[in-house]
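Colleague:
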Amino acid sequence: MDAVIFDLDQTLLDRDRSLRDFIHWQCHGMLRPYLSNQADFIGRFMELDANGTLWKDKVYTALIEEFSLTEWSVQELLRVYESCFCAFAVPRTGVIEAITHLSPQYKLGLISNGKSPFQERNFTALGIAPLFKSVIVSQAVGLRKPDPKIFLLGCQELGVSPQKTIYVGDNPIADINGAINAGLHTIFVTTSLYAECKNAHAACADLKSLPAIVESLAG
0 MDAVIFDLDQ TLLDRDRSLR DFIHWQCHGM LRPYLSNQAD FIGRFMELDA NGTLWKDKVY
60 TALIEEFSLT EWSVQELLRV YESCFCAFAV PRTGVIEAIT HLSPQYKLGL ISNGKSPFQE
120 RNFTALGIAP LFKSVIVSQA VGLRKPDPKI FLLGCQELGV SPQKTIYVGD NPIADINGAI
180 NAGLHTIFVT TSLYAECKNA HAACADLKSL PAIVESLAG
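At position 150 of the sequence shown (counting the first as 1) the number is 149 in the working numbering, and the numbers step up by one without a gap.
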């Protein structure tokens, strides 16, 4: 194997924790005087977010209506989210150790579905970006996982063949199926949302063990 390419949200980035920390900050700071029940607001935000499948303009539109937040516009709240979320971005447990271990042996890349430059800022905040030779965000290239073309683009940027590349991600469809259809090997990262993926080449429940799993696939 020559390269390992990673997903971002819930693979490298602990998105659940990062998002909850951000909305606590936004709620207890700028929104505090206008909310009678902050816990309800935070819970509803997380529910509407639906694991990142609903962009925040729609989330904030619903919250403003439900909680009568007439003092703030959707664009004002969204602007704070887009500019400040990266300050709360934290890696999943074991990520730093795994990346540090893998980077001397393999070319590392990132492929993330999301908005640009929002995702790039979140990735940079993790402190591991200098170890990566390719960073691809779907909006910036006009492709989205599970389209095999975005995985092939990642391999092209790294100068490696798909057959010599491992993709690591947490979504059975977007990450694993997409990468397999592009000819890559795959490692499925388990989460509370997706506990298993039967067609992945390997699975990883603890990212500290990721280097050993990569080595096993490398043969």
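Glycine residues also receive a C-beta, built at the ideal position from the N, C-alpha and C atoms.
Nothing here was measured: the structure is a model prediction, and the numbers come from that model.
(1) Which term fits I172, buried or exposed, when burial requires 16 or more other beta carbons within 10 angstroms of its beta carbon?
(2) Whose C-alpha, out of D48, F66, R16, is nearest the C-alpha of S35?
(3) I'd like the ranges of any beta strand (DSSP E) spanning at least 3 consecutive residues and lying wholly in the region 143–206.
(4) If you follow the alpha helix (DSSP H) that I22 is part of, which residue opens it and which one closes it?
(5) Whose C-alpha, out of D48, R143, S208, is nearest the C-alpha of L77?
(6) Would you mind reading off the limits of the alpha helix (DSSP H) that contains Q94?
(7) Hey, A227 and C196 are a contact pair by Cβ (cut 8 Å); roughly how many whole angstroms apart?
(8) Which of the three DSSP states is assigned to V3 in this structure?
(9) Measure the Cβ-Cβ separation of V143 and T10 and say whether it is below 9 Å.
(10) Taking the straight line between their C-alpha atoms, what separation do you get for H27 and A38?
(11) Assuming V140 is part of the alpha helix (DSSP H), what are its boundary residues?
(12) Ordered along the chain, which non-local residues of its own chain (more than five positions away) have a Cβ less than 7 Å from that of T190?
(13) Roughly how many angstroms lie between the CA atoms of K55 and I179, to the nearest whole one?
(14) Does G108 come out as helix, strand or coil in the three-state DSSP assignment?
(15) Starting from L70, trace the alpha helix (DSSP H) in both directions and tell me its first and last residue.
(16) Buried or exposed: where does K57 fall if 16 or more other Cβ atoms within 10 Å of its Cβ makes it buried?
(17) In whole angstroms, give me the CA-to-CA distance for E156 and E214.
(18) Check for me: the alpha helix (DSSP H) holding P116 runs from which residue to which?
(19) Roughly how many angstroms lie between the CA atoms of A97 and R43, to the nearest whole one?
Modeller: Concretely, from the data shown:
(1) exposed
(2) It is F66.
(3) Every beta strand (DSSP E) stretch that sits fully inside the region 143–206 and reaches 3 residues is listed by chain position as 164–168, 184–188, 201–203.
(4) 14–27
(5) In terms of CA proximity to L77, D48 leads the group D48, R143, S208.
(6) Checking the sequence shown, residue 94 turns out to be Val, not Gln. Taken as a continuous stretch (DSSP letters only), the alpha helix (DSSP H) holding V94 covers 94–101.
(7) This structure leaves residue 227 out entirely; the chain is present only between 0 and 218.
(8) strand
(9) Sequence check: residue 143 is Arg here, not Val. No, the Cβ-Cβ distance between R143 and T10 is not below 9 Å.
(10) 10 Å
(11) 137–140
(12) Q9, D169
(13) 31 Å
(14) strand
(15) Per the sequence shown, residue 70 should be read as Glu rather than Leu. Careful: E70 lies outside any alpha helix (DSSP H) and carries neither H nor E.
(16) exposed
(17) 23 Å
(18) Looking at the DSSP string, P116 is not in any alpha helix (DSSP H), and its letter there is neither H nor E.
(19) The straight-line gap from Cα to Cα measures roughly 34 Å.
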